[in-house]
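Worksheet: one structure, shown below.
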């Protein structure tokens with residue numbers, strides 16, 4: 001078994017002529033609270049468990065710990081539901097305070113049916129409950145909101161780790177979203193820093209030298225899904241290191257993943 | 268660096284207390300043609316490059332090579348477009364023979380706009396051009412269709428590899444699909460054998476012991492996306508081995524990923 005250290009680009013290396021990516025869960029993050037320095041906590045946890053962050057790694061962080069560090073957790077007893085929230089909650093069997101939190105995070109309600117509220121967040125993401133979520137919080141009477149500026153949060157964590165360790169990396173912040181037509185949630189990127197969210201193949205050729213047609217891959221979402229294989233919901237592993245994916249350093253952001261409303265056939 | 272061999276479940280092992288998944292591209296598949304034995308080709312290619320398939324691996328195979336092996340490539344000169352196909356092609360600047368192939372693979376047209384045909388395939392998948400694709404084919408005057416029964420194709424490859432190597436594995440067949448609301452394509456599962464497509468957390472607890480609410484993860488799609496990190500479109504790496512993902516052996520299928528029309532808010 002060769003050492004899984006090189007980038008995918010080194011597939012031209014005759015000693016290692018195939019691409020290989022390694023996804024490692026960082027299990028030992030202590031309980032995160034408001035004001036905590038995630039760059040410090042993640043760097044230290046990775047070092048302590050014997051898998052320190054290295055140049056070229058993509059550090060993938062679950063939204064929940066970012067929101068906790070940024071104080072984006074609200075106690076439901078502090079939320080006064082509007083008459084609309086009370087009415088919606090009654091129709092759908094929900095907590096009116098939770099519904100109120102969802103409405104406050106939304107800039108548009110896309111669908112409301114089958115007990116599900118699909119909303120567009122102020123960042124432009126379309127997801128259930130505008131990303132407001134009650135799981136993995138110490139207090140059951142609280143809910144967690146998405147970071148205010150997840151791309152900015154990703155940049156802050158990236159710069160913090162880079163300053164601390166002196167290596168260039170990328171950071172992706174993830175959340176689990178549902179989607180039309182297909183069952184099951186998948187992990188997607190809500191914040192990106194240090195690489196492009198989209199990998200654009202237009203103008204390149206396929207393996208036969210023909211021009212590729214359809215060809216913008218959502219690489220940040222695919223990295224988010226890869227991280228999900230080690231960051232499962234029940235394990236308390238909120239961070240993963242994705243190593244060996246040969247990306248180009250770039251100023252991408254998760255907002256690039258939001259389709260222009262005028263080009264979207266399904267709004 | 269510890270040997271990346273164990274399953275994610277062994278995170279209770281004090282010598283290796285974190286989950287780790289390895290994704291390895293299998294680069295050396297020779298040109299696949301109709302009637303080829305993919306189980307043989309994949310097993311041999313993995314062995315030759317020094318990364319043989321092992322018990323518990325998920326072998327992820329790009330749809331294109333499966334379709335080629337199954338003879339699901341058609342020459343456009345053999346396709347006689349219907350008047351509807353000619354009319355659609357004219358409106359959208361497409362090849363009428365390609366449109367005809369798309370219509371034959373569709374059981375419903377979901378949207379037709381912005382030069383894109385979103386169709387429901389006879390398997391129930393909703394995707395651009397009903398999965399009919401012209402890239403990565405030796406002859407530019409041909410198109411590739413999805414396998415007739417991709418879950419059956421996955422089962423055939425799984426059983427072939429298991430018989431040959433005497434180890435239990437799982438197989439996922441992938442394609443790249445677009446999605447509403449978010450830019451970029453992601454790799455998803457169109458065929459599954461040997462594990463569940465959906466990972467159902469309902470009835471389990473989060474890291475704080477609270478019951479999880481939203482909680483069916485599309486694990487087959489997340490594995491497909493992880494494989495995409497090494498199977499990029501331009502590299503000619505049509506197969507990946509995902510190792511270390513602790514799944515339960517089960518009789519899942521990709522059709523489980525298709526949402527019941529009556530529960531879908533976006534058809």
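Chains as they are written, first to last, in this note's numbering: chain V, 1 to 267; chain S, 268 to 534. Ideal Cβ placement from N, Cα and C applies to all residues, glycine included.
Pick from the options that is closest to residue i, judged by C-alpha positions
i	options	result
residue 485 of chain S	V:215, V:217, V:262 and V:226	V:226
residue 524 of chain S	V:50, V:257, V:21 and V:184	V:184
residue 66 of chain V	V:174, V:139 and V:205	V:174
residue 143 of chain V	V:72, V:165 and V:221	V:72
residue 176 of chain V	V:53, V:79, V:188 and V:105	V:188
residue 323 of chain S	S:534, S:508 and S:391	S:508
residue 519 of chain S	S:348, S:302, S:418 and S:311	S:418
residue 202 of chain V	V:237, V:209, V:215 and V:104	V:215
residue 136 of chain V	V:62, V:87, V:199 and V:171	V:62
residue 263 of chain V	S:320, S:286 and S:445	S:445
residue 248 of chain V	V:168, V:266 and V:267	V:168
residue 210 of chain V	S:408, S:477, S:513 and S:522	S:408
residue 138 of chain V	V:91, V:45 and V:30	V:30
residue 59 of chain V	V:77, V:69 and V:39	V:39
residue 359 of chain S	S:345, S:385, S:431 and S:466	S:385
residue 489 of chain S	S:512, S:472 and S:499	S:512
residue 467 of chain S	V:200, V:266, V:186 and V:35	V:186
residue 122 of chain V	V:128, V:148, V:204 and V:46	V:148
residue 47 of chain V	V:34, V:164 and V:232	V:164
residue 472 of chain S	V:43, V:205, V:232 and V:228	V:232
residue 532 of chain S	V:255, V:113, V:49 and V:239	V:113
residue 437 of chain S	S:391, S:510, S:395 and S:505	S:510
residue 522 of chain S	S:439, S:310, S:308 and S:311	S:439
residue 528 of chain S	S:331, S:317, S:309 and S:391	S:391
residue 64 of chain V	V:128, V:32, V:162 and V:23	V:32
Chain S contact residues for residue i, given Cβ-Cβ distances below 9 Å
i	result
residue 180 of chain V	393, 446, 447, 448, 526, 531, 532, 533 and 534
residue 137 of chain V	473, 475 and 477
residue 49 of chain V	284 and 285
residue 118 of chain V	532 and 533
Partners in chain V for residue i, counting only beta-carbon separations shorter than 7 Å
i	result
residue 228 of chain S	Here chain S has residues from 268 to 534 only, and residue 228 of chain S is not among them.
Closer than 8 Å at the beta carbon, the chain V residues around residue i
i	result
residue 493 of chain S	21, 23, 222, 225, 226 and 229
residue 485 of chain S	182, 183, 184, 185 and 186
Nearest-angstrom beta carbon gap, residue j and residue i [assumed within contact, 8 Å]
i	j	result
residue 134 of chain V	residue 102 of chain V	Actually they do not touch by this definition, with Cβ atoms about 11 Å apart.
residue 393 of chain S	residue 181 of chain V	4 Å
residue 230 of chain V	residue 288 of chain S	6 Å
residue 503 of chain S	residue 207 of chain V	4 Å
residue 304 of chain S	residue 427 of chain S	7 Å
residue 120 of chain V	residue 111 of chain V	Contact flag wrong, Cβ pair sits at about 11 Å.
residue 250 of chain V	residue 220 of chain V	So it is not a contact: roughly 11 Å between Cβ atoms.
residue 294 of chain S	residue 18 of chain V	4 Å
residue 348 of chain S	residue 367 of chain S	4 Å
residue 74 of chain V	residue 145 of chain V	7 Å
residue 372 of chain S	residue 399 of chain S	6 Å
residue 76 of chain V	residue 97 of chain V	4 Å
residue 94 of chain V	residue 69 of chain V	Wrong, their Cβ atoms sit about 27 Å apart, outside the cutoff.
CB contact below 7 Å: residue i versus chain C
i	result
residue 18 of chain V	Protein chains in the displayed structure are V and S, and chain C is not among them.
Contact set between residue i and chain S, taken where Cβ atoms lie within less than 8 Å
i	result
residue 111 of chain V	532 and 533
residue 114 of chain V	530 and 532
residue 236 of chain V	474
residue 27 of chain V	278, 284, 285 and 286
Per-residue contacts from residue i into chain V (C-beta, under 9 Å)
i	result
residue 523 of chain S	183 and 184
residue 439 of chain S	Correct list: empty, because the minimum Cβ distance to chain V is about 12 Å.
In chain order, what are the residue ranges of uninterrupted beta strand (DSSP E) at least 3 long that sit wholly in the segment 86-159 of chain V? 106-113, 116-121, 126-128 and 142-144
Whole beta strand (DSSP E) runs in the segment 149-229 of chain V with 3 or more residues, listed along the chain? 170-177 and 186-193
Contact between the segment 151-158 of chain V and the segment 181-198 of chain V is defined here as three or more beta-carbon pairs at a separation below 8 Å; is this criterion met? yes
Only counting runs of 4 or more residues, tell me where the alpha helix (DSSP H) segments fall wholly within the segment 294-333 of chain S, in order along the chain. 305-315
Ignoring anything shorter than 4 residues, give me the alpha helix (DSSP H) runs that lie fully in the segment 506-531 of chain S, in order along the chain. none
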